[in-house]
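If you count the sequence shown from 1, you need to add 1286 to reach this note's numbering.
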Amino acid sequence: MAGVNLADARRVIAAAEKKAAEIGQPMNIAIADEGGNIVAHVRMDGAWIGSIDISQKKAFTSRAFDIATKDLATHSQSGGQFFGIHASNHGKIMIFAGGIPLKRDGKVVGAIGVSGGSGDQDHAVAEAGATAF
1287 MAGVNLADAR RVIAAAEKKA AEIGQPMNIA IADEGGNIVA HVRMDGAWIG
1337 SIDISQKKAF TSRAFDIATK DLATHSQSGG QFFGIHASNH GKIMIFAGGI
1387 PLKRDGKVVG AIGVSGGSGD QDHAVAEAGA TAF
């Protein structure tokens, strides 16, 4: 089974960029492979530089736990089963929307991480990218 290659990453980023442009919100878009390593990253013109790191960590988080960061956020609030998870993995865990696993034949082989807008915007752009995978 093939993982996420550069051609895949470029296709996913292009779809995510298109969605970001449609909603008028410049984004940072990161694609990770099955090991959680960044294959490609794009910072759209005008996107926040602080969101570069966040987008990459959202991709890592989504792949590391094979879960959308939006869903992980729900379970990591005070009293939740994963409360405190954000402190693991040397601070690489992001617990807000914008990270989505990329699946091939039902198996997670990578992830997309998006940052630069509201949680809903980040998730929508990530979803557009994931759909193109």
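Just so it is clear, CB atoms sit at the ideal spot from N, CA and C, and this is done for glycine as well.
Who are the Cβ neighbours of residue i in its own chain at under 8 Å, not counting the five residues just before and after it?
i	result
ALA1416	VAL1298, ILE1386, PRO1387, LEU1388 and ILE1398
Put residue i into one of helix, strand or coil per three-state DSSP.
i	result
ALA1316	strand
ILE1299	helix
ALA1326	strand
ASP1339	helix
PHE1419	coil
ALA1288	coil
ASP1331	coil
I'd like the list of long-range same chain contacts for residue i, defined as Cβ closer than 6 Å, with 5 residues on each side in sequence excluded.
i	result
TRP1334	GLY1402
ALA1301	ALA1414, GLY1415 and ALA1418
LYS1356	ALA1383 and HIS1409
ASN1314	ARG1329, ALA1333, SER1337, ILE1338, SER1341, SER1401 and GLY1402
HIS1327	ALA1316
ALA1354	ILE1386
HIS1372	ILE1379 and ILE1381
Note down, in chain order, each residue of its chain lying with its Cβ closer than 7 Å to the Cβ of residue i, except the 5 sequence neighbours on either side.
i	result
ASP1331	PRO1312
The segment 1370–1385 / the segment 1400–1416 touching (three or more Cβ pairs under 8 Å): yes
Hey, which unbroken runs of the alpha helix (DSSP H) at 4 residues or more fall wholly within the segment 1352–1410? 1355–1361
So, do the segment 1303–1323 and the segment 1349–1362 have three or more beta carbon pairs nearer to each other than 8 Å? yes
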